[in-house]
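Q:
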Ligand code: SAH
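Residue numbers (my numbering): 23 to 441.
Right, here's the structure in full:
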């Protein structure tokens, strides 16, 4: 049901006829030669006319892959608690923005806003607004229905948001295409299964020739069939994106993820807040994770582009490097540990006690298993956080004599302490 956590490739599915995207790419490749995997992925996923996210959206049971917030409301509720816990630990600032990158169907924000409403006595004096960064017009429509009941209006051209509305719980919501359009201010950021959708470059080390980049080309023998080739020499990306200390011989790098993390880190450093990133990934150890999904099955990445989700594991060691100096980082920690620390077992017990019928109880247990089972989503999904440097500073260090009380531990990464 969920996207698998490792293993590339999979059975090639019939392309089902050359689609508009394939014809567009084939024309481009014939005219100007092979493109990087990043360029291919960007076209296939977010081309404004034919891209996968632009047209299909894909998330959910009836789509191509299912994500944790779509599996259980408990997931979003615990994330909502995480933000409240950090908001309290940071001295309850009088205002904050909740900024979600790639909100999918809007389910996660919906669950978080329900928690904010339930805990409105705690948040009562805080001015909260929601800011969604979404490139897909189709998904932003679905989000608008989910979160506002469809009561949204397009923003005037001179405003940075392209759409705005009011949540069912009375909170203003704004939509943007890029994180840079979100106004500055104290913000809690959220990126769930967002970074894995960003374009990656792929490289291979060839002993006698050094690094070469994997490119996508048209097969000269078969009409409209794509294939991978290796660049004959170094490319700008091989020069810029491979770390000098790299020891793997196959590497995937997502520079766009690096740029976004740098932006988040700068914003947190300047205006305060925190970012929570949750995704499948590794800490700089895996090599070939680029894969496609269609109808909940692995799908050949080069077949029928634009009709399948393309994804690659997030390299958390790279994200950590990109945030260095500006913010502290925590994680990656496995999803099952994070959710356990956040109190998922207790929440499950309460829901089980409150549910009268067997079907609901079975559903609750089944979704808990999906999220927590190490063989399912428990082990391969990870949580990672960016926090202001002072949030993790050790209170009894000699150079910080002014610190009075010890800082509370960060929830999820340690056991939850709500005072
Ligand atoms: N967070 C959701 C959806 C994950 S799918 C969930 O967990 O269910 C990835 C999301 O990122 C989609 O909403 C997609 O449209 C969006 N997206 C992909 N590339 C993007 C980009 N470059 N900028 C903004 N959003 C993007």
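We put the beta carbon where it would ideally sit given N, CA and C, even for glycine.
Should residue 42 be listed as close to ligand 1, given that the test is whether its C-beta is under 7 Å from any heavy atom?
A: The residue labelled residue 42 in the question sits at position 20 within the chain shown. No, ligand 1 has no heavy atom inside 7 Å of this Cβ.
Q: In terms of residues, what are the limits of the beta strand (DSSP E) holding residue 263?
A: Within the chain shown, the letter at position 241 stands for residue 263. Residue 263 -> not in any beta strand (DSSP E); alpha helix (DSSP H) instead, spanning 258-263.
Q: To the nearest whole angstrom, what separates the beta carbons of residue 75 and residue 162, a pair I think is in contact under 8 Å?
A: Taking the first residue of the chain shown as position 1, residue 75 is located at position 53. Taking the first residue of the chain shown as position 1, residue 162 is located at position 140. Between residue 162 and residue 75 the Cβ distance is about 11 Å, and since that is not below 8 Å, they are no contact.
Q: Compute the minimum distance between the beta carbon of residue 216 and the heavy atoms of ligand 1, and state whether it is under 7 Å.
A: Taking the first residue of the chain shown as position 1, residue 216 is located at position 194. At least one heavy atom of ligand 1 is nearer than 7 Å to the Cβ of residue 216, so yes.
Q: Under 7 Å: does the beta carbon of residue 171 sit that close to some heavy atom of ligand 1?
A: For the purposes of this step, residue 171 is taken as the residue at position 149 of the chain shown. No, the beta carbon of residue 171 sits no closer than 7 Å to any heavy atom of ligand 1.
Q: If the criterion is Cβ atoms closer than 8 Å, does the pair residue 276 and residue 334 meet it?
A: Counting from one through the chain shown, the residue named residue 276 turns up at place 254. Counting from one through the chain shown, the residue named residue 334 turns up at place 312. For residue 276 and residue 334, yes; Cβs fall inside 8 Å.
Q: Specify, as a first and last residue, the run of the beta strand (DSSP E) that residue 299 falls within.
A: Along the chain shown, read from residue 1 onward, the residue named residue 299 stands at position 277. That run of the beta strand (DSSP E) goes 295-304.
Q: For the segment 47-55 against the segment 233-244, do three or more pairs of beta-carbon atoms, one drawn from each stretch, fall closer than 8 Å, so that the two count as touching?
A: yes
Q: Under a Cβ-count criterion, where at least 16 other Cβ atoms within 10 Å of its own Cβ denotes burial, should residue 301 be classed as buried or exposed?
A: Residue numbering aside, residue 301 sits at position 279 when the chain shown is read from its first letter. Classification of residue 301: buried, given that the 10 Å Cβ count is 16 or more.
Q: Out of 175, 180 and 202, which one is the CA nearest neighbour of residue 189?
A: Counted from its first residue, the chain shown places residue 189 at position 167. Checked all of 175, 180 and 202; the closest Cα to residue 189 is 175.
Q: Since residue 314 and residue 219 are thought to touch, with beta carbons under 8 Å apart, how far apart are those beta carbons, to the nearest angstrom?
A: Residue mapping note: residue 314 aligns to position 292 of the chain shown, counting from 1. Residue mapping note: residue 219 aligns to position 197 of the chain shown, counting from 1. That pair is no contact at about 12 Å.
Q: Please give me, in chain order, every unbroken run of the alpha helix (DSSP H) with length at least 4 that falls completely inside the segment 126-202.
A: 129-140, 142-145 and 159-170
Q: Please tell me whether, using a cut-off of 7 Å, the distance from the CB of residue 152 to the nearest non-hydrogen atom of ligand 1 is below it.
A: Taking the first residue of the chain shown as position 1, residue 152 is located at position 130. Remark: the shortest separation between the CB of residue 152 and any heavy atom of ligand 1 does not fall under 7 Å.
Q: With a threshold of 7 Å on Cβ separation, who are the neighbours of residue 289 within its own chain once the five nearest residues in sequence on each side are excluded?
A: Taking the chain shown and counting its residues from 1, the one referred to as residue 289 is at position 267. Excluding sequence neighbours, residue 289 sits near 206 and 209.
Q: Determine whether the beta carbon atoms of residue 403 and residue 353 lie at a separation below 8 Å.
A: Position 381 of the chain shown, counted from the start, is the residue given in the question as residue 403. Position 331 of the chain shown, counted from the start, is the residue given in the question as residue 353. No. Outside cutoff.
Q: So, at 8 Å on beta carbons, what are the nonlocal neighbours of residue 70 in its own chain, with the 5 sequence-adjacent residues on each side left out?
A: Stepping through the chain shown from its first residue, residue 70 is reached at position 48. Hits under 8 Å: 76.
Q: Applying the criterion that 16 or more other CB atoms from any shown protein chain within 10 Å of the CB defines a buried residue, is residue 127 buried or exposed?
A: The sequence position of residue 127 within the chain shown is 105, counting from 1. Buried, by the Cβ-count rule.
Q: Could you tell me the distance, in whole angstroms, from the CA atom of residue 199 to the CA atom of residue 155?
A: Counting from 1 along the chain shown, the entry for residue 199 is found at position 177. Counting from 1 along the chain shown, the entry for residue 155 is found at position 133. C-alpha separation (whole angstroms): 5 Å.
Q: Between residue 211 and ligand 1, is there a pair consisting of the residue's CB and a ligand heavy atom that are separated by less than 7 Å?
A: Mapped onto the chain shown, residue 211 falls at position 189. No, the Cβ of residue 211 stays beyond 7 Å of every heavy atom of ligand 1.
Q: On the DSSP letters alone, give me the boundaries of the alpha helix (DSSP H) that residue 102 sits inside.
A: Counted from its first residue, the chain shown places residue 102 at position 80. Here the alpha helix (DSSP H) through residue 102 covers 95-111.
Q: I'd like to know whether the C-beta atoms of residue 79 and residue 88 end up nearer to each other than 8 Å.
A: The residue given as residue 79 occupies position 57 in the chain shown. The residue given as residue 88 occupies position 66 in the chain shown. No, they are not a contact pair.
Q: For residue 360, does the three-state DSSP call read helix, strand or coil?
A: Numbered from its first residue, the chain shown carries residue 360 at position 338. Of the three classes helix, strand and coil, the one that applies to residue 360 here is helix, per DSSP.
Q: Where does residue 411 land, buried or exposed, given buried means 16+ other C-beta within 10 angstroms?
A: One-based indexing of the chain shown puts residue 411 at position 389. Exposed.
Q: Just to confirm, is the Cβ distance from residue 270 to residue 201 under 8 Å?
A: Taking the chain shown and counting its residues from 1, one reaches residue 270 at position 248. Taking the chain shown and counting its residues from 1, one reaches residue 201 at position 179. Result no, Cβ atoms of residue 270 and residue 201 do not sit closer than 8 Å.
Q: Note down the Cα distance separating residue 211 from residue 120, rounded to an integer number of angstroms.
A: Counting from 1 along the chain shown, the entry for residue 211 is found at position 189. Counting from 1 along the chain shown, the entry for residue 120 is found at position 98. Near 6 Å, if we compare the C-alpha coordinates of residue 120 and residue 211.
Q: Could you tell me whether any non-hydrogen atom of ligand 1 is closer than 7 Å to the CB of residue 288?
A: Counting from one through the chain shown, the residue named residue 288 turns up at place 266. Distances taken from the Cβ of residue 288 to the heavy atoms of ligand 1 include none shorter than 7 Å.
Q: Taking the continuous alpha helix (DSSP H) assigned at residue 59, which residues delimit it?
A: For the purposes of this step, residue 59 is identified with residue 37 of the chain shown, where counting begins at 1. Boundaries of the alpha helix (DSSP H) around residue 59: 59-68.
Q: State the CB to CB distance for the pair residue 338 and residue 406, rounded to an integer number of angstroms; the pair is presumed to be in contact (CB under 8 Å).
A: As a first step, residue 338 is located in the chain shown; it is residue number 316 there, counting from the start. As a first step, residue 406 is located in the chain shown; it is residue number 384 there, counting from the start. Taking C-beta atoms under 8 Å as the contact rule, residue 338 and residue 406 qualify, at a distance of about 5 Å.
Q: List the whole-angstrom C-beta distance separating residue 193 from residue 151, where the pair is believed to meet the contact cut-off of C-beta under 8 Å.
A: Translated into positions along the chain shown, residue 193 becomes position 171. Translated into positions along the chain shown, residue 151 becomes position 129. At roughly 6 Å, the Cβ-Cβ gap stays under 8 Å, so residue 193 and residue 151 are in contact.
Q: Taking residue 318 as the reference, give the member of 85, 41, 223 and 48 with the closest Cα.
A: Working through the chain shown from its first residue, we reach residue 318 at position 296. Considering only alpha carbons, the answer is 85.
Q: May I have the straight-line CA-CA distance separating residue 292 from residue 217, to the nearest angstrom?
A: As a first step, residue 292 is located in the chain shown; it is residue number 270 there, counting from the start. As a first step, residue 217 is located in the chain shown; it is residue number 195 there, counting from the start. A direct Cα-Cα distance of roughly 23 Å separates residue 292 from residue 217.
Q: Quick check: the Cα distance between residue 325 and residue 222, rounded to an integer number of angstroms?
A: By one-based count along the chain shown, residue 325 stands at place 303. By one-based count along the chain shown, residue 222 stands at place 200. The alpha-carbon atoms of residue 325 and residue 222 are separated by roughly 18 Å.
Q: With distance defined between alpha-carbon atoms, name the residue in 362, 273, 44 and 388 nearest to residue 374.
A: On the chain shown, position 352 is the one that residue 374 refers to. Looking at the Cα atoms, 388 is the closest of the given residues.
Q: Which two residues bound the contiguous alpha helix (DSSP H) that contains residue 366?
A: Your numbering for residue 366 matches position 344 in the chain shown. Start and end: 366-376.
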